[in-house]
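**Q** In order, the protein sequences belong to chains A and B. Numbering-wise (the working numbering), the first sequence opens with residue 152 and increments by one. Numbering-wise (the working numbering), the second sequence opens with residue -14 and increments by one. Just so it is clear, CB atoms sit at the ideal spot from N, CA and C, and this is done for glycine as well. What you are looking at is a predicted structure, and each value in this text was computed from that prediction instead of being measured.
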Amino acid sequence: MNELRFLALNGLMHGNGFPESSLEAGLEADPAFIGIDAGSTDGGPYYLGAGENMHQSRAAAKEVLRTLITHARAADIPLLVGSAATGGGRVHLDWTVELVREIATEEALEFTVGAIDAEQSASTITQAIDEGRLEALDGSKPLTRADVESSERIVAVMGPEPYTEALDRGADVVIAGRSSDVSIFKALPVEMGFDEGLATHLAKTIECGGQIATPSTGGDCMLGVLTDEYFRVTPTNPEKTTSPLSVASHMLYESADPFVFVEPRGTLHTDDCSYQAVDDRTVEVRGSRFEPAAEYTLKLEGARLVGYRAITVLGIRDPVLVHRQLDAFLDRTTAAVAKKAKTQGIQEYTISTHVYGRDAVMGAREPDPTPSHEVGVVVDVVAPTADTAKGLVHHAGNYLLHADYPNRTSTAGNVAFPLSPQDAAIDRAYEFSVWHRMSVEDPLERFDISTEVVG
Amino acid sequence: MTTLRSLAQVIRSKNAGIHYVTIDIMFDSPATYQAVKESGALTTAVFADAYELSESDVRFFEYDPGLAFKVTIPRTQSAGSPGDSDIYGAQQYAPVLDIEVPI
């Protein structure tokens, strides 16, 4: 029977890594390749928009990548890295490839790196709008040219084909821009002719590396074994276990529907699957089904700059304010800020007040909005420039500190600031501007693949 | 009557894409999961009520292989846009904790 083994890890994007011993143990199983996902939209639109990795330490990410590269080269098997540096744009790809170059030189290794660019030009997307090839996802509004033109960066989420193309062009290490997590792990299995249902389900199961093992704390390594009839997953860390429950449960994680999973080439269905324990560390899965799509589609993700953010943080202990007048007082504060903005000619800005100790976390959905004896307030202003954002948030803080209100006793100050200065400029603020999918003729057409000998 | 929090092993929430939050209610005992499932206490309507949403905005799943129930609802705004209070959607499950099950 045909059998393919490979390793899946996690811990690159967050820079926290994984036990090196887990990778070494996995390599003893003679895997065909190593894969790791390095991206996500879960941390919000900033990383895609600003072009930064989520983990702010370049050195930390580099050390994780060094461990992966040195072991993959020593074993002479491909290393596939998907969704470079969180956002998977060109800047993220370049940042990661530069790390690879440095590592190759420092480790005196010579190999070929393949880079897959997933960033899309505005004209590509507007042409797709004109040709009716775009579909809004998850209730997004139909995409307009203005949405495209106002976006800082738009990436297409690649399927498995660009990975195999990069490998065919001689890449030993593939650094991909934005990619479906599944594509990293199903590319080689599908090209080798394995059942696409099992290959896709294994890839989906293993995409987060050690997260399906118990305990799930920290990055770690999983071994995936694919055959024509089933797949198996095993943590390579001898201190970790898996169970049919922990493996099956991964279909719940960050997915809207546990039975149906949509990918560029089609849809995975898991409703007929069986999950069996082989032993207390290995789970076997059968019955996964793949329904090929009529059209090949690429999900698109984009982020737009909405301004600059500044915040202030303060506490309120006065019971009259906390229990009787807080919303009215906050409303007057935002009105005072609106007046200030108007006098300064600031037309577009947002102000949000998050009241911790009452309903900051859930807002209008909070079932118990009874305030505590004290509350914390984060005032968040996004305005056209860093200067106007700081100005407006300072105005809000000063109003809260000194403004009068009925039955006030606190004529020397209404709120407690824990910080001096009382305001903080955060950074650029973004929002997701594109969450759509685009049909394409050719799985490779939107991805530029380049190879380079490094070291 | 027993609350979900005293029956389930895991109750959690997280983004499912940028427009949805999904809530997972997971059990470690097949018997408990089956009892909750057969009680009929968990329905689309119950979760719509807990989040003050219309039933058409709520997707409810019984996921037997994971001994889990899943509820997917719209976010109040897209993840990370100005004013969002929970970028990961990780703390949106509290209304589920005290749902009562007649077992």
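Does any residue of chain A have a CB that is nearer than 8 Å to the CB of K22/B?
**A** no
**Q** By the 10 Å Cβ neighbour count, where 16 or more other Cβ atoms means buried, how is K450/A classified, buried or exposed?
**A** buried
**Q** Taking the C-alpha atoms as reference points, what is the distance between F598/A and E270/A?
**A** Cα to Cα, the separation comes out at about 8 Å.
**Q** Could you give the uninterrupted runs of the beta strand (DSSP E) lying entirely in the region 1 to 35 of chain B, keeping only those of 3 residues or more?
**A** 5 to 11
**Q** Just to confirm, is the Cβ distance from T7/B to S406/A under 8 Å?
**A** yes
**Q** Which chain B residues sit within Cβ distance under 9 Å of V533/A?
**A** Near V533/A (Cβ distances below 9 Å), the residues of chain B are P67, G68.
**Q** Compare the C-alpha of E442/A against each of H401/A, P518/A, G348/A and name the closest.
**A** G348/A
**Q** So, does the CB of T29/B fall closer than 8 Å to a CB anywhere in chain A?
**A** no
**Q** I'd like to know whether the C-beta of I3/B is nearer than 8 Å to at least one C-beta of chain A.
**A** yes
**Q** Which first and last residues belong to the alpha helix (DSSP H) in which E253/A is found?
**A** 241 to 257
**Q** Please specify which runs of the beta strand (DSSP E), each continuous and at least 3 residues long, are wholly inside the region 266 to 295 of chain A, giving them in chain order.
**A** Here the runs fully enclosed are 285 to 287.
**Q** DSSP three-state label for F609/A, please.
**A** Here chain A comprises residues numbered 152 to 606, so residue 609/A is not present and cannot be evaluated.
**Q** Between G417/A and the rest of its own chain, which residues show a CB-CB distance below 7 Å, the 5 nearest in sequence each way excluded?
**A** F441, E442, P443, A444
**Q** N153/A: buried (16+ other C-beta within 10 angstroms of its C-beta) or exposed?
**A** exposed
**Q** In angstroms, rounded to a whole number, what distance separates the CA positions of P87/B and E499/A?
**A** 52 Å
**Q** Between the Cα of K490/A and the Cα atoms of G283/A, Y550/A, L294/A, S523/A, which residue gives the shortest distance?
**A** Y550/A
**Q** Along chain B, which residues have their Cβ under 9 Å away from the Cβ of S439/A?
**A** Within 9 Å Cβ-Cβ: nothing; S439/A doesn't reach chain B, min ~11 Å.
**Q** Find out if the Cβ-Cβ distance for the pair Y426/A, V398/A is shorter than 8 Å.
**A** yes
**Q** Cβ closer than 9 Å: which chain B residues qualify as neighbours of S400/A?
**A** Here the neighbours are V(-5), D9, M11, Y48, P50, G51, L52, A53.
**Q** Closest Cβ-Cβ distance between G514/A and chain B: below 8 Å?
**A** yes
**Q** Where G195/A and A64/B are concerned, what is the direct C-alpha to C-alpha distance, given to the nearest angstrom?
**A** Approximately 6 Å, taken between the alpha carbons.
**Q** In the DSSP assignment, the alpha helix (DSSP H) including S172/A goes from what residue to what residue?
**A** Per DSSP, S172/A belongs to the alpha helix (DSSP H) from 171 to 178.
**Q** DSSP has Q62/B in a bridge; who is on the other side?
**A** According to DSSP, which records beta bridges pairwise, Q62/B is partnered with nothing at all.
**Q** Please name the residue in V457/A, H505/A, R460/A whose C-alpha comes closest to that of L477/A.
**A** H505/A
**Q** What number of angstroms, rounded off, separates the C-alpha of A287/A from the C-alpha of A487/A?
**A** 38 Å
**Q** Should P340/A go down as buried or exposed, given a rule of 16 or more other Cβ atoms within 10 Å for buried?
**A** buried
**Q** DSSP three-state call for S234/A: helix, strand or coil?
**A** strand
**Q** What residues of chain B sit near D193/A, judged by a beta carbon separation below 7 Å?
**A** N0, Y73
**Q** State buried or exposed for Q207/A, treating a residue as buried only when at least 16 other CB atoms are found within 10 Å of its CB.
**A** exposed
**Q** Is H352/A helix, strand or coil when you go by DSSP?
**A** helix
**Q** Would you say the region 270 to 284 of chain A touches the region 587 to 602 of chain A, given that touching needs at least three Cβ pairs under 8 Å?
**A** yes
**Q** Please state the DSSP three-state secondary structure of H546/A.
**A** Reduced to three states, the DSSP call for H546/A is helix.
**Q** According to DSSP, simplified to helix, strand and coil, what is V566/A?
**A** coil
**Q** Shorter than 8 Å from the beta carbon of R(-10)/B to some beta carbon of chain A?
**A** no
**Q** Determine the closest residue to G395/A out of I58/B, P50/B, S70/B, with distance taken between C-alpha atoms.
**A** Reading off the sequence shown, one finds Pro at residue 395/A, where the question assumed Gly. The residue with the shortest Cα to Cα distance from P395/A is P50/B.
**Q** Taking V215/A and G162/A to be in contact with their CB atoms under 8 Å, please state how far apart those CB atoms are, rounded to whole angstroms.
**A** 6 Å
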